[in-house]
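Peer 1: Here you go, one structure.
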């Protein structure tokens with residue numbers, strides 16, 4: 001027994017995950033037996049977020065729940081090529097991770113929690129049965145904005161290297177249409193990935209979400225303005241949605257970087273929400 005990493009099946013591929021068994025070394029959460037499945041962010045943010053996700057999964061297991069984190073198709077130690085992955089295949093991965101943790105933990109209830117684009121994927125995933133409780137940490141709400149951010153990241157990196165303006169965003173989109181890829185932080189973005197991301201709009205997809213949900217807005221200072229986008233998302237999701245603010249002086253992400261190793265206010269927001277999950 002204990003925390004362990006292992007491969008599990010997703011169709012013809014194997015994904016790598018890390019299962020944290022309940023330790024209850026701290027006061028157990030007053031919530032029915034469940035497993036929390038964590039979905040990592042996109043591209044370079046995934047690597048930089050690893051210590052943070054390991055910490056928060058450990059906090060959940062210390063309070064008596066199962067926790068699982070895993071690598072999506074084409075990421076980390078999971079099988080499959082990055083360029084073959086799509087939004088649809090990543091959603092299949094989440095379903096497979098939930099099936100695996102149910103079988104290993106012997107619990108039926110799964111709670112999804114994601115960071116940045118991982119939160120977006122968690123929100124879109126069909127894991128079987130009713131829609132699950134959902135916690136989203138600084139989710140990507142509109143895929144159109146996020147896809148353009150990735151192209152801007154490419155252009156910024158090119159300018160640093162060449163010291164001059166290069167191609168335009170329109171030219172990069174045309175490159176994708178011609179079957180080429182765009183290198184964003186070392187990841188070759190494909191047209192299928194780009195189009196899949198652009199089609200996402202959580203405010204529309206999650207309207208009147210039927211289960212309890214949490215959106216965590218991570219801000220740098222207590223006086224920082226609330227995110228209008230996240231506020232609107234929570235309003236669209238309905239009365240079961242909660243918006244929490246977590247003040248973290250170390251920014252969650254800057255220019256594609258996630259800097260958190262441990263975000264205590266984010267952890268407290270998630271644990272507090274889990275504690276109240278089964279209360280009327």
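Numbering (this note's numbering), first residue to last: 1 to 280.
C-beta atoms are modelled at their ideal positions from N, C-alpha and C, and glycine is treated no differently.
Note that the structure is predicted; figures quoted are calculated from it, not measured.
1) Taking only runs of the beta strand (DSSP E) that begin and end inside the stretch 146 to 234, which ones reach a length of at least 3 residues, in chain order?
2) Taking one C-beta from the stretch 30 to 48 and one from the stretch 104 to 119 each time, how about it: are there three or more such pairs within less than 8 Å?
3) Going by DSSP, what residues sit across from residue 248 in a beta bridge?
4) Could you tell me the distance, in whole angstroms, from the CA atom of residue 280 to the CA atom of residue 212?
5) Thinking C-beta only, is residue 137 closer than 8 Å to residue 98?
6) Check this for me: beta carbons of residue 27 and residue 65, under 8 Å apart or not?
7) Can the beta-carbon of residue 132 be found closer than 8 Å to that of residue 101?
8) Quick one: using the 10 Å Cβ neighbour count with 16 as the cut-off for buried, is residue 159 buried or exposed?
9) At which residue ranges does the stretch 16 to 58 contain complete beta strand (DSSP E) runs of 3 or more residues, listed in the order of the chain?
10) Could you tell me whether the stretch 83 to 93 touches the stretch 18 to 33, using the rule of 3 or more Cβ pairs below 8 Å?
11) Going by DSSP, name the residue or residues bridged to residue 114.
12) Give the DSSP bridge partners of residue 86, in chain order.
13) Are there 16 or more other CB atoms within 10 angstroms of the CB of residue 188, so buried, or fewer, so exposed?
14) Mind checking who residue 14 pairs with in its DSSP beta bridge?
15) Can you tell me where the beta strand (DSSP E) holding residue 269 begins and where it ends?
16) Can you pull the DSSP bridge partners for residue 242?
17) May I have the straight-line CA-CA distance separating residue 360 from residue 248, to the nearest angstrom?
18) Excluding the 5 residues preceding and the 5 following residue 151 in the sequence, name in chain order all residues of the same chain whose CB lies nearer than 6 Å to its CB.
19) If you follow the beta strand (DSSP E) that residue 69 is part of, which residue opens it and which one closes it?
Peer 2: Taking the definition as stated:
1) Qualifying beta strand (DSSP E) stretches, in chain order: 182 to 184, 187 to 189, 213 to 219.
2) Yes, they touch.
3) By one-based count along the chain shown, residue 248 stands at place 248. When beta bridges are read from the DSSP output, residue 248 appears opposite no residue.
4) Stepping through the chain shown from its first residue, residue 280 is reached at position 280. Stepping through the chain shown from its first residue, residue 212 is reached at position 212. Looking at the two C-alpha atoms, the distance is approximately 11 Å.
5) For the purposes of this step, residue 98 is taken as residue 98 along the chain shown, with counting starting at 1. For the purposes of this step, residue 137 is taken as residue 137 along the chain shown, with counting starting at 1. Not closer than 8 Å, so no.
6) Within the chain shown, the letter at position 27 stands for residue 27. Within the chain shown, the letter at position 65 stands for residue 65. No, the pair does not count as a contact, with Cβ atoms beyond the cut-off.
7) Reading the chain shown from its first residue, position 132 is the one you call residue 132. Reading the chain shown from its first residue, position 101 is the one you call residue 101. Between residue 132 and residue 101, the C-beta spacing is not below 8 Å.
8) Looking up residue 159 in the chain shown gives position 159. The Cβ neighbour count for residue 159, taken over all protein chains shown within 10 Å, is under 16; the residue is labelled exposed.
9) Within the stretch 16 to 58, the complete beta strand (DSSP E) runs of at least 3 residues are 35 to 39.
10) Touching, no, given that fewer than three Cβ pairs across the two stretches are closer than 8 Å.
11) Position 114 of the chain shown holds residue 114. According to the DSSP secondary-structure assignment, residue 114 is paired through a beta bridge with 39, 136.
12) The residue given as residue 86 occupies position 86 in the chain shown. BP columns for residue 86 are empty, so no partner.
13) Position 188 of the chain shown, counted from the start, is the residue given in the question as residue 188. Burial call: exposed.
14) Here the question's residue 14 lines up with position 14 in the chain shown. Bridge partners of residue 14: 9.
15) Indexing the chain shown from 1 puts residue 269 at position 269. Not the beta strand (DSSP E): residue 269 falls in the alpha helix (DSSP H), residues 264 to 275.
16) Counted from its first residue, the chain shown places residue 242 at position 242. In the DSSP output, where bridge partners are listed per residue, residue 242 has 214.
17) Residue 360 falls outside the range modelled here, since the chain spans only 1 to 280, and no answer is possible.
18) As a working note, residue 151 is residue 151 in the chain shown. Hits under 6 Å: 169, 172.
19) Position 69 of the chain shown, counted from the start, is the residue given in the question as residue 69. Its beta strand (DSSP E) spans residues 66 to 70.
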